[in-house]
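K.L.:
Residues in the sequence shown are numbered from 453 upward in steps of one, following my numbering.
Idealized CB from N, CA, C, for every residue including glycine.
Predicted model, so just to flag it, every value in this text is computed and none were measured.
Below is one structure. I have some questions about it.
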Amino acid sequence: AALDKQAKSGQQSLMMVHLQKLQAKRDEEAAAQREIDEERELREQIDSREEKKRHKKEMKREKKKRKKEKDKKKKERKREKRRRDSSSSSGSDSEDDALKAARAAEEEKV
């Protein structure tokens, strides 16, 4: 009977050791998974920031491009007006001033 008790307690302690090992392994795997998840989240945040920077640069480039086009059109209109004025100098200055004011107002709206 004493031998049976010793065998049972030995088996129980072996089972406890085995369970503890399994639990330690699970804890280790969970910690590793948490670390992987944290790294992934960090990378996603970095990627998001970089994407925002790229988008901001792209928008700046587009804005610069639109401004350049606008200035180009403005210069072309001025050149065209000068050509018309020099070719036909007959006409009242007040009409020219009114046109200039209208175009300036239009440009400010855009």
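1) Restricting to runs no shorter than 4 residues, where is the alpha helix (DSSP H) found entirely within the region 472-498?
2) Measuring straight from C-alpha to C-alpha, what distance separates LYS505 and LYS473?
3) Do the CB positions of GLU559 and LYS527 come within less than 8 Å of each other?
4) Would you mind giving the Cβ-Cβ distance between ARG555 and ARG529, rounded to the nearest angstrom? I have them listed as a contact below 8 Å.
5) May I have the straight-line CA-CA distance separating GLU490 from ALA484, to the nearest angstrom?
6) Quick one: Cα of MET468 to Cα of ASP479, how far?
P.N.:
The short version:
1) none
2) Counted from its first residue, the sequence shown places residue 505 at position 53. Counted from its first residue, the sequence shown places residue 473 at position 21. Approximately 48 Å between the Cα atoms of the pair.
3) In the sequence shown, residue 559 corresponds to position 107, counting from 1. In the sequence shown, residue 527 corresponds to position 75, counting from 1. The answer is no: Cβ separation not under 8 Å.
4) Your numbering for residue 555 matches position 103 in the sequence shown. Your numbering for residue 529 matches position 77 in the sequence shown. The pair is a contact, with the Cβ atoms about 7 Å apart (cut-off 8 Å).
5) Taking the first residue of the sequence shown as position 1, residue 490 is located at position 38. Taking the first residue of the sequence shown as position 1, residue 484 is located at position 32. Cα-Cα distance, rounded: 10 Å.
6) Within the sequence shown, numbered from 1, the residue matching residue 468 stands at position 16. Within the sequence shown, numbered from 1, the residue matching residue 479 stands at position 27. The straight-line gap from Cα to Cα measures roughly 16 Å.
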